Structures are given as C-alpha cells and as structure tokens.
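Okay, structure first, notes after.
There are 6 protein chains.
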Amino acid sequence: MSILQTLILFSLLLSASHAAVQDFCVADLMGPQSPSGYLCKKESAVTVNDFIFSGLGVPGNTTNLIKAAVTTAFVGQLPGLNGLGISLARLDLAPGGVIPIHTHPGGSEVLIVLQGSICAGFISSANNVYFKNLNKGDSMVFPQGLLHFQVNAAKGPSIAIVSFSSPSPGLQIVDFALFGNNLPSALVEAITFLDDAQVKKLKALLGGTG
Amino acid sequence: MSILQTLILFSLLLSASHAAVQDFCVADLMGPQSPSGYLCKKESAVTVNDFIFSGLGVPGNTTNLIKAAVTTAFVGQLPGLNGLGISLARLDLAPGGVIPIHTHPGGSEVLIVLQGSICAGFISSANNVYFKNLNKGDSMVFPQGLLHFQVNAAKGPSIAIVSFSSPSPGLQIVDFALFGNNLPSALVEAITFLDDAQVKKLKALLGGTG
Amino acid sequence: MSILQTLILFSLLLSASHAAVQDFCVADLMGPQSPSGYLCKKESAVTVNDFIFSGLGVPGNTTNLIKAAVTTAFVGQLPGLNGLGISLARLDLAPGGVIPIHTHPGGSEVLIVLQGSICAGFISSANNVYFKNLNKGDSMVFPQGLLHFQVNAAKGPSIAIVSFSSPSPGLQIVDFALFGNNLPSALVEAITFLDDAQVKKLKALLGGTG
Amino acid sequence: MSILQTLILFSLLLSASHAAVQDFCVADLMGPQSPSGYLCKKESAVTVNDFIFSGLGVPGNTTNLIKAAVTTAFVGQLPGLNGLGISLARLDLAPGGVIPIHTHPGGSEVLIVLQGSICAGFISSANNVYFKNLNKGDSMVFPQGLLHFQVNAAKGPSIAIVSFSSPSPGLQIVDFALFGNNLPSALVEAITFLDDAQVKKLKALLGGTG
Amino acid sequence: MSILQTLILFSLLLSASHAAVQDFCVADLMGPQSPSGYLCKKESAVTVNDFIFSGLGVPGNTTNLIKAAVTTAFVGQLPGLNGLGISLARLDLAPGGVIPIHTHPGGSEVLIVLQGSICAGFISSANNVYFKNLNKGDSMVFPQGLLHFQVNAAKGPSIAIVSFSSPSPGLQIVDFALFGNNLPSALVEAITFLDDAQVKKLKALLGGTG
Amino acid sequence: MSILQTLILFSLLLSASHAAVQDFCVADLMGPQSPSGYLCKKESAVTVNDFIFSGLGVPGNTTNLIKAAVTTAFVGQLPGLNGLGISLARLDLAPGGVIPIHTHPGGSEVLIVLQGSICAGFISSANNVYFKNLNKGDSMVFPQGLLHFQVNAAKGPSIAIVSFSSPSPGLQIVDFALFGNNLPSALVEAITFLDDAQVKKLKALLGGTG
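Just so you know, the sequences run in chain order U, P, S, B, A and G.
Numbers 1 to 210, taken from UniProt numbering, label the letters of the first sequence in order.
Numbers 1 to 210, taken from UniProt numbering, label the letters of the second sequence in order.
Numbers 1 to 210, taken from UniProt numbering, label the letters of the third sequence in order.
Numbers 1 to 210, taken from UniProt numbering, label the letters of the fourth sequence in order.
Numbers 1 to 210, taken from UniProt numbering, label the letters of the fifth sequence in order.
Numbers 1 to 210, taken from UniProt numbering, label the letters of the sixth sequence in order.
Written out as structure tokens, the structure reads:
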C-alpha cells in the first residue's frame, strides 16, 4: 500500500496505544506513588534498559549477623516491573546463614535453589508447619502473608532465586520488627511473652532502643 | 554484629521498602486521585495519626428530615485507609429515624447494632426481599450495589457501626438522587411512574428544582 | 399492564438474574472451596438468616493465657460474606489482656473501640513503629499483612469491633506459630535468635513439642 | 522435524495448557457457581458455539408496561463469557419506551445507539445529574453502580447495544425492587417518603403485595 | 425540613463523596498515568460530555492495505471510561477486508455484527481453532490475550461493534509487530521460521526496515 | 494456662481458619476448575509436598525443531500455586535454540539468565521493539500479553528461569497457532499476508493440515 495508506493505518494504532493505559507503566521513581504503584514514565522516554537489571548476578554480602543477604529486583531496582504483579530477588546464604522468620505483606513467593541445600518452611494460620530440605533444582511455594524462613542446610554457600506476586512485596523480618526499633521493651514483652532479659539482649544485638 | 553490619542489613531492607509500593499509601488529600485512590504521602511524612480517627465516637446530628445521621470514616476522614479496600461509618437513628433506600456503588457493607433495634433489609436483582429486625449485637451483610435500608425499630435511639469493602464506597440515596437536584419533573415521572404531584411534593421537601 | 405482560417483563429480569453470578454467593460451607471462596448455595435455598449473625453480641471467654478473646464473624460464621471482601470480629480484653503480635495474611483491618482503652500499633517493613492509646470511639487502621498488636490499657475490660477487607482474613499469632506446634526447638532458635531456654519455656506454655 | 519431535514439543504445550486455568472457562450452567463465576466445562467438551449467541439479532417484545425490552447476552445466554469480565445486551425502546431508573450492581456500562434517539443519564453520589440526548452512533458511559435511565426520544423505535464490565452485571430496576414484591407498604413509605396512595397504586401496577 | 437541615444532610453526603475515590475517575488526558489508569479530572470540571463519544457513528476509512478500519472508543477518545474496565470500538470491513491475526494484551473482547457477514475466530494455547461465519446480530467472545482475526465474508461492506474488558485493551497486529518496525530480518526469520524473501517482502509492504 | 484453656484459644483460631478461604488453596487437579483456578484440596489432605516441585532441576529435551525446551512449574505440576498469582518455568536453549515469537495470555513474565547468553525482546502495541543480549545474572521483564522471544546468543547451551504473574499463564507460540492445526491455508494467508507456498511449507513442518 502507499506510504500514505500505511500512515493512515499506523495512526489508528498509535492513537489507540497512546490513549491507552500503556502496555506497560515503567515507574517514574522520582514521582509520587498511587495505591497501584508509581506513576508511569512517558512512553517516549522508555528504553529497553527500563526492563533489565543486572544486580542479581552479583553475590550479596553475607558478612553480617544472619550470614545471609537478600538482593532485590523489586520495582525500585527494575522500574519496568511497575504495575505488573511480579518481581525477583536473590538469596545468598553463607555456611550457617539464615533468613529469619519473616513475611512479605504484599504477595506470595516461589523459590528455586540454584546451589547448595536450603531448609525452608512456612506456618499456616492453623499453626501447621510445612518445611523440608530443598536441593539444587527444587522449587517451593510460600503462600501470601504467612510466616516463613530459609536456613542454609549445606556445608558451603547456598543460592536461591525467589519470585513474588507483586512488584514490591515488602519484607518484614519478625526480629527486626520487634527488636530493631524503639518499641518499648515492656510492650515487646507484653505482646510476645518473652522474658525481659531476652528482649534486652536482642534489642542490643539488633540496634533497638527503649 | 557491628553497627556497620547492622546498617548494611538495614540498608537492604530500607532500599527494598523505599522502592516498594509502600506497605501503605496514606492519601495525600490535597493531591489528585487515580482510579485506585489518592496518590500517597511520602512515607517520611506519615505519622500514626494518619491511621487514627476519633469522629465515630461523636453522635451524629439527627435533627433533620430523616431523623438520622451517617458519620463516615472514609478515606477523606481517615487517609490511612487509602488503597486498603475498607472503611467504617456510624449510623445514628433517633426515634422514627430512617436511612432511606440507598446503595453504595463502590462496595459491600456489613452492619453491627451497638444500641437499640434496627429493621434492616436489601432487595436482590430478582426482586426478592431480605429483611429482619436486628437487636444489639446482631450483624447483617448487604451485598455489593444492592438497594438496602435501615429503619429504627426501637422506641429510643439506635446506633450501628457499618463497615464497607472500599475506602470510599459512596452513598446514593434514591430520594436525593431523584428529588434533590434539577432533574426535570417530567423526566423523573417517566423513569419512576410516580405521579406529578408526588414528584413535585418530594422535590419541594428535598430541595430539588425543575 | 396485564399480568401476562408483567410476567413477560419479570421473566426477562429473572432469566438474567438466574443466569448471573448471583448478586451474592452465600457459602455452601459443606462443599469445596475455590481460590475465590466457597461455592454458592442455590439462590432458592438462601434466606435472610444467611446474612445475619448474632455471635458478636456475646462477650468472648477471656479466662485464658492472653486474658483476651477473638470472636469472628468470618465466612464460616456468616456465610453471606462469601466472596464479598469483608468480615467482622469482636475483641474482648480483660484487665491485662493482650492480642499478641500477629498478622492477617488475607487482608487489612480497621478497629473501633467500644469500651475501655486499648494500646494498639503496627510495624512497617521499614521497621517503623506506629502505635497509640485508643479511647472509646477511636478508630485505627492496620494495613494489610503487617505485624500488629492490641493491649488493654484500661483498668477494666475493653471491647473493640474490628473489620477486615476479606471474608476470611486469617489470624496468625507469632507466638502460636513459633511455639504452639512441633517446629523443632533448634530450628526455632535458628530463625529467631532466641535462647534455647526461652524457646523451651514458651513451647511448654503454648503446648508446643520438639 | 520428525513427527516424534513434533509430538515432544506439542506434549509440552498441551501439558502446560491442560494444567492451566484454561485460556477460557466456559460456564457449566448446570453446575454450581463460585464467587468468580460458574465452574468450567471440560476443555474437551468446548465448541465454538459456546462463544457465540444469536439472540441479540432478534427485537425484544416491547408490548409491556415500559414499552421496552432488555435482551441479555450474559453468561447464562453466552457461557463463553464466564470469568471474562464482559457481557452485552440489546435495548429495544418502542415509542414512549423507557428503561426505568435502575442500577447494575455488578459493573459499569457503555451504550451505543444503533437506531433512533435516546435520552440517557445517570446521577452521582453527590446527586449531580449527567444526562443528554444521544443520536445514532453516539456512545455513553454509565459508571459502576450509579442510578441511570434510558428514555426513547424518537417518534419511532430506538435500539441500542450496551456492554457491561461483568459477565453477569445484574439489573435492579428501582420500581420493581420497591413495588414488585411483598415488601410491606408501610415500610416502602418509610424508606421512600412516598404517599400511601402512590405506593399502593404502583404495587397494583407492578404486581406487588402487602 | 428546613433548608438548613437539608444542607446539614447534604453536607454529609457531599463530604463523603468528595472524600471518596469518586464514583468515576474521568481521565485527565494531559496528565500522567498510573498502573490503574490516568489521574482523575477534578469532579467540579467534569461534564456529561466526558462520558459521551460520537466517533463510532462515522464509518472508518477502509482504503488501505487491509481494506478495513478500527475506530476506537478507548479512554483516549472517551475519558469517562478511565478506570472502569470497559471500552468499545467499531470495525469497518470493505469487500475483501481483513483484521489480521492480532491480540489485545489488556483484555477480552465480545463482538456483535451490525451489517454483513464476518468470519471470525481465535486459537487457544492448546492450538485448537474456534472460528465460524457470523451473520447480522450474531455475537462472539474472544477470550483474553488469545490470537484472533476477523475477515469480511460478505460481498459488500460489513460492520461490527466490539467491546473490551479494559478502557485501553491495546491492539497488537502480528504482521505489524514483526514487519512494521526495525526488528532485523535475520532475527524475524529466527523467531518465525519464515523464509528471508518472505520477510523482506512483508517488511517492504508494511514499512519495516533492517 | 491449662491445657483446657489452651484448647479454648486454639479452637477459636482453628474455627476461624477452617471457616476461611484457607491461607492457601492447593489445587485438586482431578476436580473441576473455576475462573479463579482449581477447587481446593481439603486442608487435612495437604502436605508439604503439595508446595514442592523438583522438575526444574532437570534439563529439558532440546532435540527438536526449536532446539529448545520449556519446562513448566505451573499449577498442574505444582498444585500449591493454585490461586496465588505466580509460577515458574525453565528454558533450555541448545546452540541455535529459539523460543519462537509467543505470548502468555494470562500474565507478565520476568526472566533471569543462569547460564550462557540470550537475545530476548518484546514488541509493544505501538510496534516499538525492545530487545537486548542478556548475560548470566541479567533479568528482563516482558509485560503482560505482548509478543516476545528468546534466542540463544551463546556458542553453548543457555539456561534461564522465568517467572509469571499467574499460576497458569498459558503459552501461545504464533507459529504453532497458525501452522500447527487445521486452520485452512487460505484463511491463514488472508490473516497474515503470507504467500501460499510459505504457509504450506510451515504447515508441513509443524504438523498442520488444510
């Protein structure tokens, strides 16, 4: 067909797509958020690099209390995830490494072991425990919002990739929530039944005050 | 672990949470809305008071036509509700008080009677009527979008708390929609089969024109 | 119009509504569940009582470890809630009563104090603490999935009504999840940094084994 | 490639698709419903006819009180719509025909006029009226859950196609909900402020009792 | 009641509705988008015309390669659709006209034939084909995301109205995606198994390069 | 507290959780599906193995036309994913291997390269191409419903893990949809502009007829 006719047809498609909630909504990380995520960058400013992140190829620093690291590919690191209901992270567990009991308020998780062996589990609202040793290539599901954990079960380092059903699932580690801030010890004790000495010990360990 | 190591671990968590659709999206009520709710206040500006509202402790003014009052704890009064799919309201019904037939376009409702007795009901699309006298402590569900009503069934005042499956469910009272604006009487009559005199009487009562 | 004509019109409406996902989907609690909730009772078997529950009018039994009780009006008690994204519960807190640190995996919560005074709070993924003393009539929001707590702050009993953005939000109390089952003590210690003595003490208190 | 290799590749695709929530979930209209719609027919029993409906090509019978007919292509008539969040209907308006003030509890609506002229409008929760005469080819949006109406504005018959954001949006006509069942007259009067004579007149007209 | 009392009651309703996610969120097309759609125009600036579009009454220009035209009533043309999960379009098919194999990434589609006859079909993930000749008045469903097509089966022009379960479903025509841009021919050949000559021929036809 | 008191408290939690849409809804793969997924296994029959899958540890068979294999961990292989909005798959690409141009009707995708190098890309509704060579450790997002591809860019085998925002995203490969079934050649040619010889060649290659 003639260039003109081509343009006529294109203009239809373009008018439709420009008028649309775009096929994607790359996060404008400098702008405000809405309940559904960040506002979108203009489509004309979007490049392939907004959809790519290389950070999960780099081992996390495990020289810390938990001998473990969580490297996230959430919307803040990978703005093309905005609004898409998915994200990734990498877990590095040194020998003795632990991802302490935690939840992701915003989504479910599925994990696959890339190296080593990991003892992983979750607990249901009925207080039933579901846990098992996972080896290289094994996948495990952690349903939305439930308390769960991962512990290195190998002599050497273990590595896993985890995926979430949200571009920003959040990460709430119970110990940091209870002992890593200024929540008064007396209140922590009341809501956990922990002894005063235990609470003060963990507050000291995790940088909490009060 | 050392403060440095603590900070390393914290920085991971903070980078994740700052990059996230926050755990919450407190409404910036001065800003624009999106289809999913108001844009979020910066997390650094959020305080506990954004999640608290005291207005439901105050009886509503029932010296009006319906001898009743609806006091809302919607996102406009309680900005921490933004994006969370829930809200509250208080119903005060003086003797003879009525919440006229109405709908909430945005959500379902569940009611609990705190004082007195209330005759409450809803009507289904199949025109079946579901209504009953509720006493103190009774709860009742009103499914999304259906016409429903509450009438004081006690000699004294009755009070109820209602909850909605939306931070801003809306409230559309049929009488106000039909008679409280400038919708022409002839049109009101055509779409309701009401007599002209009846329509004009209610327009006068409810401040409508035309 | 004639009865016949009335029936013609009715039959249209009825055919539409019978063909519909009903205006409501009252849970058939004897049947299986789907990810979106229980299967629906036949509309012909539904009565107004499927939408009403009286259990929240009865004080919960607080003669237990936490000196508190949670009485739920979830879909299991109020089948009309099925699929509607909302539910209720009643909190009774005797003097010294506590709802220990917990989450609701399935939804957000809003609370209103009916009697007494309650110290309530939640912690964000960034480990910020949001808590305050609530008095009669005060409401507070607890965003989805975050750890939160309620402690009686009155000399006498306190009562609150809470609403959730799910017909079955779940309730996961951290202490019961960690200490009320057969999760091995060594594993509990690894994922919480608690001392062995502390873990064994709480397992004994909460009926856990291993 | 060899037939064997083709089968290897196919088997992958088939195993994936058979394991899936199918690309579609054609309603098994004889079976139970869930909150998300009817259960699905087995994919092997699905034919192209499950996705096709011819009923909207037939004018509705307008010899009735409202001189109008609503012919639905909801999930009950077009089972391929199940779970897809969309449906259609046809409006036939004879001279003087009216679709009385009504709501669709389950979804939003968009209308396009195919023949004649229609005066259509809706009312917002703020009681603002939005209405206009629509001519052939004009489209109008009716946002979710709001009271709206359509009145024939032509001397001859008018026809429109309407689409909904639900496979079963429901249809609740206020007059039928108030006057077409056994809701007691005294209660109708209390919740509408209508005069007793008016209520009894409309109950007689619409087949209501009590 | 007195005007004052009327105003008291109104002010309640207004405060609620102004505080709300509005009953509707008319798109501010000049502003940014969020994952849930455009930001909303201020309710005070909204008029009935934001909910009305006349463009579907005008035949599309079919003097082009595909002898067909797609005229959209998406959110860009009809801003009142923003956030409502529905939209419309008009298909004009001249003799020999074709809407080539395509998908709508954002939603499902239902089509009704207004004039002529159309051969329409879709293909499932299991590679099953569902297609049929549709005559005037016939409707057909095209489930979300699946490849589908429409071909004029009449000697004269055919017209259809299509509705989508999204205010901006998008439109991705496979030929334009493969041959209408600068995707290198070698890469196109690798991912389609098409011969080089075929790819170069279609790139020339559709304005592609490389 | 006494065992009795413990049981009292437990019974509350259990009654709540048994009444709930469970924390999880493990698929009963033998039973029917709903639009939201499979019906749930009884919680009493659920074991940790319902949440674990080992199949992604095994390389797929790449001795086929595309020199590639897709091994899925969708709900059919990992029933614990049911209703959770997430799944995994493994891509094996032998030298010269290709995942041909395809879509996932049900969700978005994020990919991480575990070994080798992959040229991956997608095309937007505006026909813009976004593609790049990804190395080990690189992640890339493919927004919902858009055509995309992966081609081995390494001399040796490449491996990737992909995650989807659905437990059963589907997989529609354009070549199999067009040439791997009985869609008549004349119709294929009409909706693709491909030459008859090209269509017949690919039908022969992919096992299509007609």
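Heads up, the beta-carbon is just placed ideally off N, CA and C, and yes, glycines get one too.
All values derive from a computational prediction rather than experimental measurement.
Check	Outcome
If you draw a straight line from the C-alpha of P:Ala190 to the C-alpha of P:Pro79, how long is it?	41 Å
Assuming B:Ser168 contacts G:Ser34 under a Cβ cut-off of 8 Å, what Cβ separation, rounded to an integer in Å, is found between them?	14 Å between Cβ atoms; not a contact.
Span of the beta strand (DSSP E) holding G:Ser158?	158-164
Give every residue of the same chain whose Cβ lies closer than 6 Å to the Cβ of S:Glu109, excluding the five residues on either side of it in the sequence, and list them in chain order.	Phe142, Val162, Phe164
If contact means a Cβ-Cβ distance below 7 Å, which residues of the segment 191-208 of chain P contact chain S?	none
What are the residues of the segment 151-185 of chain G that lie near chain A, defined by any Cβ-Cβ distance shorter than 8 Å?	Val151, Gly170, Leu171, Gln172, Val174, Asp175, Phe176, Ala177, Leu178, Gly180, Asn181, Asn182, Leu183
By Cβ distance, which residues of its chain are closer than 7 Å to A:Gly145, with the 5 residues on each side in sequence left out?	Thr103, Pro105
Any idea what DSSP makes of G:Lys132, helix, strand or coil?	strand
So the beta strand (DSSP E) S:Ser87 belongs to, where does it begin and stop?	87-93
Would you call the CB atoms of B:Lys136 and B:Gly121 closer than 9 Å?	no
Quick check: the Cα distance between residue 214 of chain U and U:Asn82, rounded to an integer number of angstroms?	Examination of residue 214 of chain U is not possible in this model, given that chain U is present from 1 through 210 alone.
Please list, in chain order, the chain P residues whose beta carbon lies closer than 7 Å to that of S:Ala73.	Ser139
With contact counted as at least three CB pairs below 8 Å, one residue from each stretch, are the segment 38-45 of chain G and the segment 194-203 of chain A in contact?	no
Please tell me whether U:Tyr38 has its Cβ less than 9 Å away from any Cβ of chain A.	yes
What did DSSP end up calling B:Ile66 once you bin it into helix, strand or coil?	coil
S:Ile99 and S:Ala68 look like a contact to me (Cβ under 8 Å); what is the Cβ gap, rounded to whole Å?	6 Å
Inspect the beta-carbon positions of A:Leu205 and B:Ser139 and report whether they are closer than 9 Å.	no
Taking the Cβ atom as the reference point for each residue, do P:Val70 and P:Arg90 lie within a distance shorter than 9 Å?	yes
Rounded to the nearest angstrom, what separates U:Val151 and S:Ser158 at their Cα positions?	41 Å
According to DSSP, which residues form a beta bridge with S:Gln33?	S:Tyr38
Do U:Gly207 and U:Pro184 count as a contact pair if the criterion is CB distance below 9 Å?	no
If we count the other Cβ atoms within 10 Å of its Cβ and call it buried at 16 or more, is B:Ala126 buried or exposed?	buried
Assuming U:Ala186 is part of the alpha helix (DSSP H), what are its boundary residues?	185-192
Taking DSSP as the reference, what is the three-state secondary structure of P:Pro174?	The identity of residue 174 of chain P in the sequence shown is Val, whereas the question assumes Pro. It is helical.
Residues of the segment 105-130 of chain G with a CB closer than 8 Å to any CB of chain B: list them in chain order, please.	Pro105, Gly106
Just to confirm the assignment, what range does the alpha helix (DSSP H) spanning B:Leu206 have?	196-206
With distances taken Cα to Cα, identify the nearest neighbour of G:Leu56 among G:Ile66, G:Phe149, G:Thr72, G:Gly107.	G:Thr72
Return the CA-CA distance between residue 292 of chain A and P:Tyr38, expressed in angstroms with no decimal places.	Chain A is shown from 1 up to 210; residue 292 of chain A falls before or after that span and cannot be answered.
Quick check: B:Ile86 and A:Ile86, are their CB atoms within less than 9 Å of each other?	yes
Grouping DSSP H, G and I as helix and E and B as strand, with all else coil, what is U:Leu56?	helix
Grab the span of the beta strand (DSSP E) containing G:Cys119 for me, first residue to last.	117-123
Pull up the distance between the alpha-carbon of U:Gly107 and that of G:Ala27, whole angstroms please.	19 Å
In this structure, how does DSSP classify S:Phe179 when only helix, strand and coil are distinguished?	helix
So for B:Ala27, helix, strand or coil by DSSP?	strand
So, helix, strand or coil for P:Ala73, using DSSP?	strand
May I have the straight-line CA-CA distance separating G:Asn128 from G:Asn182, to the nearest angstrom?	32 Å
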